[in-house]
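Working notes for the structure below.
Residue numbers (our numbering): 17 to 84.
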């Protein structure tokens, strides 16, 4: 590979001044990922027969985890 192509690939992998050798995580924990999805899809029904939405299901999970 020539140097110009390597430089272009390297620049494409950089985000702002963050080099591609640094690990970037958009969420600090799995809980943050789940909460983000709950916010995004809160009104989506996941159990049709029980009419439970994503936010209701998450609330049930939180209640259960607090009980445990």
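A virtual CB, placed ideally from N, CA and C, is assigned to each residue, including glycine.
Predicted, not measured: the structure shown is a model, and the values here were computed from it.
Three-way DSSP call (helix, strand, coil) for residue i in this model
{"i": "residue 63", "result": "strand"}
{"i": "residue 69", "result": "strand"}
{"i": "residue 41", "result": "coil"}
N- and C-terminal bounds of the alpha helix (DSSP H) containing residue i
{"i": "residue 26", "result": "19 to 29"}
{"i": "residue 35", "result": "No alpha helix (DSSP H) contains residue 35, which DSSP labels as neither H nor E."}
{"i": "residue 58", "result": "First-last for residue 58: undefined, no H or E at that position."}
Practice task
Could you say if the stretch 70 to 83 and the stretch 46 to 59 meet the contact criterion of at least three C-beta pairs nearer than 8 Å?
Solution key: Contact between the stretch 70 to 83 and the stretch 46 to 59 is present, because at least three Cβ pairs lie under 8 Å.
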